[in-house]
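Heads up: the protein sequence lines correspond to chains A and B, in order. Its first residue numbered -2, the first sequence is counted upward by one per residue in our numbering. Its first residue numbered 49, the second sequence is counted upward by one per residue in our numbering. For each residue, glycine too, the CB sits at the ideal point set by N, CA and C. Note sheet for the following structure.
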Amino acid sequence: MPNILWPGHRDVPIGDTSLAALLAGTELPPGPAPELRPLAEALAELRAQPASDELEGEAKTLAAFRNQFGVPRMAHRPPARTPPPRRRLLPVKAAAAATVLSLGGIATAAYAGALPATVQRLAHHIIGAPAPGTQPALRPSPARLATTGDPAYGLCTAWAHAKTHGTAEQSAVAFSKLATAAGGAANVTTYCATAAPPGTPASHMPHPVPAPHSTGRPSGFPTPHGSGKPSGLPTPHGSEGPTVHPTPHSTGKPSGLPTPRSSGH
Amino acid sequence: MIGAEFESVLAAAQEGSEAAFSRLWRDGNPALLRYLRVTAPQAAEDVAAETWLQVVRGLAGFCGDEHGWRAWLFTTARRRAIDEARRRSRRPAKALEETLPDRLPTAPDTADLALEHIDTRSALSLVAQLPPHQAEVILLRVVAGLDNEMVAQMLGRSPGAVRVAAHRGLRAMAGILAEADVTL
């Protein structure tokens, strides 16, 4: 019989049952089986075991797999979720900045509100120093108390405090300011002997002691202990602080028929 | 096909098990190459490799059974093959001698078909002689192991049209084999 679908070739009719069997790779029904056996054999070859050249290239794909999923690990262990590096580094950077700011005089200046605005803002976020443009939230100290009374008392107290608790440099700075206010190093003893404590009339008013932050500089010797360390843990600053919520790493979605998981897993 | 273990193999691969993914690859790549050697004969290996790269990227988000997995794999391959065909159509045609002979679709050799044993290569050559749509339907049904509805969805045809294409394709193949007087 001529083949109208495939001119030049014989037409071999295929019934529905035979068609289903051929497509499914199952046994042909009895009847026209002999005619269809070559076709069944050819279709079986299409499903045959892989040839060696069909398994080449696995290494390349596995390399991509390792690159996607990380180093080989035991099966059934949940893959490590790697947050975007930028987000993971944030707390590290903040901790490093806090460490740096906690060391030396920078923290001192930060708690005094004496840093440039941008740096002060950073210190405000990281170690809880006062925000730029606000009064420093210092604990009561001799120096701070002095600002409410005779400036001479404050300078003298600050120097005395620096001598016992501060560094040599801090002591020298305090003494220099005191000597300037007293009109010379020789006058310091007399100057301090007559300094009025807070709540009493100032004996040396007016003395040119700048008001706190009037120039953006520390007034006198601002830290209570001269250690340069904050007195407590940095205060959390709510939404102003860096909040890091690692999110599951998106791996893309398959583009085919199956429904992809919306959030991976 | 992997069968009953497929779900656990897929889960392990999605959790990063290289051995599990290797099993998926070794199960799927031969069928993928056979499909592409007919539909993208000049770039079958390249398209297969690109397909797997795309599958790796989307693997963690895949959800489905083994038939769904196969449908995704072959849908991805089909799209890559179409992209490859478009890319090639924009390039100047290669001289015939520049094309590797073993990548050219070959006509079924009567002498080959007359052998008592038909191998995979000659069977693919036989399918390659069909009109493209019939050839693709046969490959997706037989090689990829997809059912009629999945193939219809993948090709954007009705299930009836796919069934007719499969029927006509198989009749044509049977006719060619009968003409070649292949008797087993």
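DSSP state of residue i mapped onto helix, strand, coil
i: A/ARG7; result: strand
i: A/THR191; result: coil
i: B/PHE110; result: coil
i: B/ARG219; result: helix
i: A/PRO76; result: Reliability fails at A/PRO76, whose pLDDT of 48 lies under 50, so the model's placement of it is uncertain and the value that follows must be treated cautiously. Coil, per DSSP.
i: B/THR124; result: helix
i: B/ARG211; result: helix
i: A/PHE218; result: Residue confidence for A/PHE218 is low, a pLDDT of 38 falling below 50, so the modelled location carries little weight and cannot support an answer.
i: B/ILE50; result: coil
i: A/ALA182; result: helix
i: B/ARG136; result: helix
i: B/ALA88; result: coil
i: B/ALA176; result: helix
i: B/SER56; result: helix
i: A/LEU25; result: coil
i: A/PRO233; result: Unreliable placement is indicated for A/PRO233, whose pLDDT of 34 sits below 50; the coordinate value is still reported in the next sentence. If DSSP states are grouped into helix, strand and coil, A/PRO233 belongs with coil.
i: A/ASP13; result: helix
i: B/SER206; result: coil
Of the residues the options, the one placed nearest residue i, counting alpha carbons only
i: B/SER173; options: B/ALA192, B/ILE224, B/ASN77 and B/PHE110; result: B/ILE224
i: B/LEU234; options: A/LYS160, A/LEU19, A/ALA159 and A/LEU43; result: With chain B covering only 49 through 232, there is no way to say anything about residue 234 of chain B.
i: A/PRO148; options: A/LYS174, A/HIS162 and A/ASP13; result: A/LYS174
i: A/THR14; options: A/LEU33, A/ARG7 and A/ASP8; result: A/LEU33
i: B/GLY193; options: A/ILE11, A/GLY22, A/GLY12 and A/LEU36; result: A/GLY22
i: B/GLN201; options: B/LEU178, B/ALA176, B/SER56 and B/THR123; result: B/THR123
i: A/THR187; options: A/LYS57, A/GLY163 and A/TYR150; result: A/TYR150
i: B/ASP167; options: A/ALA155, A/ASP8 and A/GLU38; result: A/GLU38
i: B/LEU58; options: B/LEU84, B/GLY116 and B/VAL199; result: B/GLY116
i: B/GLU114; options: B/GLU55, B/ARG136 and B/LEU107; result: B/GLU55
i: B/ALA96; options: B/LEU121, B/GLY106 and B/LEU107; result: B/LEU121
i: B/ALA79; options: B/SER137, B/GLU66, B/LEU218 and B/TRP100; result: B/TRP100
i: A/ALA171; options: A/CYS189, A/LYS57, A/ALA190 and A/ALA155; result: A/ALA155
i: B/ARG71; options: B/ARG138, B/VAL210, B/ALA213 and B/GLU53; result: B/GLU53
i: B/GLY51; options: B/ALA60, B/ASP75 and B/GLU63; result: B/ASP75
i: B/ARG169; options: A/THR177, A/VAL9 and A/LEU40; result: A/LEU40
i: B/ALA67; options: A/THR58, A/ALA190, A/ALA178 and A/ALA165; result: A/THR58
i: B/ALA176; options: B/GLY109, B/ARG105 and B/GLY217; result: B/GLY217
i: A/LEU20; options: B/ALA213, B/LEU84 and B/ASN77; result: B/ALA213
i: B/ARG118; options: B/ALA222, B/VAL191 and B/PRO180; result: B/VAL191
i: A/ALA60; options: B/SER65, B/ALA222 and B/LEU203; result: B/SER65
i: B/ARG85; options: B/GLN62, B/PHE110, B/ALA125 and B/VAL103; result: B/ALA125
Interface flag, residue i vs chain A, CB-CB below 8 Å
i: B/THR87; result: no
i: B/HIS181; result: no
i: B/ARG71; result: no
i: B/ILE166; result: yes
i: B/GLU227; result: yes
i: B/ARG128; result: no
i: B/LEU84; result: no
i: B/VAL95; result: no
i: B/LEU203; result: no
i: B/VAL104; result: yes
i: B/GLY76; result: no
i: B/VAL199; result: no
i: B/GLY208; result: no
i: B/LEU188; result: no
i: B/VAL212; result: no
i: B/ARG135; result: no
i: B/GLY51; result: no
is_contact[residue i, chain B] using C-beta, thresh 8 Å
i: A/LEU25; result: no
i: A/GLY28; result: no
i: A/THR244; result: Confidence at A/THR244 is low in this model, with a pLDDT of 37, below 50, so the placement of that residue should be treated as unreliable; the coordinate-derived value is given next. By this cut-off, A/THR244 is not an interface position.
i: A/THR14; result: no
i: A/ALA56; result: no
i: A/ALA45; result: yes
i: A/ALA39; result: yes
i: A/ALA48; result: yes
i: A/GLU42; result: yes
i: A/GLU51; result: yes
i: A/GLU166; result: no
i: A/HIS222; result: Legend: pLDDT at A/HIS222 = 41, less than 50; position of this residue unreliable, value from coordinates given subsequently. A/HIS222 does not count as touching chain B.
Chain-ordered neighbours of residue i on chain E, where CB pairs are closer than 7 Å
i: B/GLU66; result: No chain E appears in the structure shown, which is made up of the protein chains A and B.
*How about the segment 52 to 65 of chain A and the segment 186 to 204 of chain B: do they share at least three Cβ pairs that are nearer than 8 Å?*
no
*With contact counted as at least three CB pairs below 8 Å, one residue from each stretch, are the segment 47 to 63 of chain A and the segment 20 to 31 of chain A in contact?*
no
*Is the segment 32 to 46 of chain A touching the segment 87 to 98 of chain B, taking contact as three or more C-beta pairs under 8 Å?*
no
*the segment 90 to 109 of chain B touching the segment 121 to 135 of chain B, judged by at least three CB pairs closer than 8 Å*: yes
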